[in-house]
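Colleague: Going down the list, the sequences are from chains A and B. Residue numbers for the first sequence, in the working numbering: 896 to 1107. Residue numbers for the second sequence, in the working numbering: 118 to 613. Backbone N, C-alpha and C define an ideal beta-carbon position, used for all residues, glycine too. Small disclaimer: the values here were computed from a predicted structure and weren't measured. To start, I am sharing the structure in question, which I have written as structure tokens.
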Amino acid sequence: MNLKKSLIKLTSFCLAFGMISVTYQNCGSPDANNGGAVSSSADNGDIIPIPNTKTASIQRASRVLDNLVSCLGTGEPSNDARDAWQNNRGTISEEGLANSMTQPMAKALVSISAEVCDDLMNQERSLDVDQRRIFLEIDFDNGGVARSDLGLAAKRLARSCWGRNATDDELGMIISNIDSNFSSGEDNRDTTRLKAVYLCTAMAASFSTFEM
Amino acid sequence: MSDKKIKKEMMAEQQEAKRKELEKNYKDYCLSHNKRPMTRRDLLSAGVYSFAASMTLPTLAGMMAPRTAFAQAANCPSASSGSSMIPFVTLNLSGGAGLAANYVPTDAGGNLLPTYNKLGMGNSSLNIETEFGNVPFAGDDGTGVLISKLLTELRNNSTPATLANTAFVAIPVRSRDDSSMNPFDASGMVAKAGLVGSDLPNLGRRASDTGTRQMYAKIKPPTPLIVGNYDDIASALALGATGPLSNLNDEKKVSLVKLVNNLSDSQVQKVNADAGGRMLANLVRCSTGKNVELSQKPQPTVDVRQDASLASVWGVDGGTNSRDESVVFGSMVNAGLLGYAGTVNLERGGYDYHNGTRTTGDDRDGRAGAVIGRILESAAALNKKVFIYVTSDGAVVSPESDDRAAPWRSDRGSAGMAYILAYDPSGRPQTSGHQIGQFTAAQAADDKFVTGNNPELAASAAVANYLKFNNRMDLIEPVLGSTFTSAQLAQILKFG
């Protein structure tokens, strides 16, 4: 009899505990269904969300090219851009999970970004200045690009792809890197175009572009 | 920073965020209601109960899931971390190959079956040809020609010295005929064991989860790079080998990667402050930082056409088209053997060859043998160990006949089989047998044996032996969990 009572008590406690766990866990959490921050990973790599916190994640493979094309405004990607995406998508996370970021993926993002940036440069160099979106001040048919003109392009790229203004630190990094890598002796049309692609690739392949 | 410390900090960050939320809710409530929350209803409204519950009670999922993510994330995977695991190459023969008509399956006691007349080898008095030690293959058909064309071409494409250092084990297993639903793919388990490749985690030939026409067993593999031609691997391995970045010299390429790394490093500070973002921040730093490291090294070359010894193994030269199967297979295998790629998944089609003849099947089997021989010979040329896993979907049947060259008439998945081979340049890996499970007198894989009726368990058995070949039995539990009991493990482990 006592054993029966104990079993009933134990069962009741377990049921109550389970209900409390389930009931209270997400109670009053307005964003409970909107994903959550990564708290742990099961052995199969699943991300377990925590209520009320944002899930740290990155663009999934299928969105990477679309996202770049959209933020750089190039419209239909060229065959080269599609090929770069196709050749590299295998190294990019399908789900965009935070724990899937890898070195081959970082490299793939640079390769794909470079192709879409090349599309952008080729499109803009054939447009009148007032029709361009990013490289408004750059003369693609001549050498010599002013630092300030690169800076303006960088600011537009940041607003377009990062969804925010570039910080002074970021602008400083970009301009000083380009300064130190392209000497004035290289001032010609090809270098101007290369600088534009270089600048665009560096920004488009950096974390803020792919952050979700 | 230690894994524990990161984990602890993460929890502290989450608790702090919750505390701030509570404080805000409490203040909001006081402001909007002009009183302190006192009743249960007030406290629920102010979010205090929710806070208390979430702070004191774990989620059910959280209680059940192992908390390992931060520990994993805290360590930057090394470019060479995969190299400690032996290269793993899968060859899938799509369509239902007669693997049990090349290797000669035996019963539980290791004896020949009463007859092989459904397996296209006639009665049990067939001649046996041994290779890889004492492994039985379908031998002389009476005219001095081996019945097993797979063994014939395997020998034609590898040296006796290489075969002398190779072990072979067959896994009788029933599988669905002509189906992409057989969970034979072991890449996910092998990747989990640590074979990741320095640049490409997984290579395949077909746009699927596994890179072949097989489903994955137990663990989803890293998304494979689908290799249609050699250029696919080259462009994935080398940054700026083609396209606009090819206009940059090596110094500028390194500089560009450094700039991406520096920008990303400063940008991840933002998510670093978010609960849960530390893992991503750490991985971004690891991956972009590793890119800088790798971009400073010479670009890897895995093109078999550029390596005289491997070109000879695969029968190609500088003029061979980059889409040629031997160029693609050879380069994929080379990438795996050199550690640039993790798991390598090759596939050949045309193995649904029951067209009323034996000719087509023999030709396809021979080609499969040639590929296996070339993989072994590549490993020998590079002085590397390799593990090969051969799969198919279903199998074939001949009319009941004593003819040792009986034609293939139909599908017969109950006579299915997989092979595993292991090569070690220092000598043949020791094995305690050459068959996992057995065939029955009905000439079918014994479905009573643990792996006999389940491709997923057969794949797990292959992985268990791979881990044993790596001398990493400590990985059995993390990779396979409780798939096998110790008694079953003793039955399926043939290596060592």
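#1: Do you know whose CA, among B/G360, B/T223, B/L356 and B/L376, lies nearest B/D367's CA?
#2: Which one of B/L267, B/L606 and B/I609 has the shortest CA to CA distance from B/I489?
#3: Starting from A/I982, trace the alpha helix (DSSP H) both ways and give me its first and last residue.
#4: Give me, in chain order, the residues of the same chain whose beta-carbon lies closer than 8 Å to that of B/V385; leave out the 5 immediate sequence neighbours on both sides.
#5: Does any C-beta atom of chain B lie closer than 7 Å to the C-beta of A/A1001?
#6: Check whether chain A comes within 7 Å of B/L380, counting only Cβ atoms and requiring the distance to be less than that.
#7: Please classify B/N273 as buried or exposed, where buried requires at least 16 neighbouring CB atoms within 10 angstroms.
#8: Look at the alpha carbon of B/D434 and the alpha carbon of B/A425, and state the distance between them as a whole number of angstroms.
#9: Whose Cβ in chain B lies nearer than 7 Å to the Cβ of A/E1010?
#10: Using a Cβ-Cβ cut-off of 7 Å, state whether A/V1092 counts as contacting chain B.
#11: Could you tell me the alpha carbon to alpha carbon distance between A/I1075 and A/R1059, rounded to whole angstroms?
#12: Count the other CB atoms within 10 Å of the CB of B/A284; is the residue buried (16 or more) or exposed (fewer)?
#13: For the stretch 1065 to 1090 of chain A, which segments carrying the alpha helix (DSSP H) assignment without a break, of at least 4 residues, lie completely within its bounds, in sequence order?
#14: Within 7 Å of any Cβ in chain A, is that where the Cβ of B/T207 sits?
#15: Contact defined as beta carbons within less than 8 Å: I believe B/N299 pairs with B/D591. What is the distance between those atoms, to the nearest angstrom?
#16: Are there three or more Cβ pairs, one per stretch, closer than 8 Å when the stretch 467 to 487 of chain B is compared with the stretch 507 to 527 of chain B?
#17: Pick out whichever of B/G261, B/N462 and B/L454 has its Cα sitting closest to the Cα of B/Y333.
#18: Rounded to the nearest angstrom, what separates A/S1101 and B/G483 at their Cα positions?
#19: What are the start and end residues of the beta strand (DSSP E) that includes B/T508?
#20: For B/V419, which three-state DSSP category applies?
#21: What do you get for B/I245, buried or exposed, if any count of 16 or more other CB atoms within 10 angstroms of its CB means buried?
#22: Check the Cβ of A/N1076 against every Cβ in chain B and list those closer than 7 Å, keeping chain order.
#23: If we cut at 7 Å on Cβ distances, does A/S1101 have a partner in chain C?
#24: With a threshold of 16 other CB atoms inside 10 Å of the CB of B/D420, please say whether the residue is buried or exposed.
#25: Is there contact here, the stretch 574 to 587 of chain B with the stretch 319 to 326 of chain B, by at least three beta-carbon pairs under 8 Å?
#26: Against A/A1097, what residues of chain B qualify as contacts under a CB-to-CB distance less than 8 Å, listed in chain order?
#27: My assumption, with CB atoms under 8 Å, is that A/V1011 sits in contact with A/V964. Please give the rounded CB distance.
#28: By Cβ distance below 8 Å, which residues in the same chain neighbour B/M181 in space, the five residues on each side in sequence not counted?
#29: Could you tell me which residues DSSP puts in a beta bridge with B/I245?
#30: Please report whether the beta-carbon of B/S197 lies at a distance below 7 Å from any beta-carbon of chain A.
#31: Select from the stretch 580 to 594 of chain B all residues with a C-beta closer than 7 Å to any C-beta belonging to chain A, and list them in chain order.
#32: Using a Cβ cut-off of 7 Å, pull out every chain B residue sitting near A/N983, in sequence order please.
#33: Spell out whether any CB of chain A is found under 7 Å from the CB atom of B/N408.
#34: Taking only three categories from DSSP, how would you classify B/I593?
#35: What do you get for B/P253, buried or exposed, if any count of 16 or more other CB atoms within 10 angstroms of its CB means buried?
#36: Does the distance from the CB of B/S515 to the CB of B/G239 come in under 7 Å?
Modeller: The relevant details are as follows:
#1: B/D367 has its Cα closest to that of B/L356, out of B/G360, B/T223, B/L356 and B/L376.
#2: B/L267
#3: It is worth fixing the name first, because residue 982 of chain A is Asn in this sequence and not Ile. Run containing A/N982: N974 to N983, per the alpha helix (DSSP H) assignment.
#4: G394, L397, A398, V401 and R402
#5: True, the Cβ-Cβ gap to chain B drops below 7 Å.
#6: yes
#7: exposed
#8: As the crow flies, the alpha-carbon of B/D434 is around 8 Å from that of B/A425.
#9: Within chain B, the residues whose beta carbon sits less than 7 Å from that of A/E1010 are G360 and P361, listed in sequence order.
#10: yes
#11: What sits at residue 1075 of chain A in the sequence shown is Ser, not Ile. In a straight line, the C-alpha of A/S1075 is about 26 Å away from that of A/R1059.
#12: Classification of B/A284: buried, given that the 10 Å Cβ count is 16 or more.
#13: none
#14: no
#15: Between B/D591 and B/N299 the Cβ distance is about 29 Å, and since that is not below 8 Å, they are no contact.
#16: yes
#17: When only C-alpha atoms are compared, the closest one is B/N462.
#18: Between A/S1101 and B/G483, the C-alpha separation is close to 49 Å.
#19: Taken as a continuous stretch (DSSP letters only), the beta strand (DSSP E) holding B/T508 covers V503 to S509.
#20: coil
#21: exposed
#22: K369 and S372
#23: In the structure shown, chain C cannot be found, because the protein chains are A and B.
#24: buried
#25: Counting Cβ pairs under 8 Å, fewer than three are found: no touch.
#26: L373, L376, V377 and L380
#27: 6 Å
#28: Only weak support exists for where B/M181 lies, its pLDDT of 34 falling under 50; the coordinates are left without a value.
#29: BP columns for B/I245 point to B/A255.
#30: Residue confidence for B/S197 is low, a pLDDT of 44 falling below 50, so the modelled location carries little weight; the figure read from the coordinates is stated next. Taking Cβ atoms only, chain A never reaches closer than 7 Å to B/S197, which makes this a no.
#31: none
#32: Neighbours of A/N983 on chain B, chain order: A353.
#33: By this cut-off, B/N408 is an interface position.
#34: helix
#35: buried
#36: no
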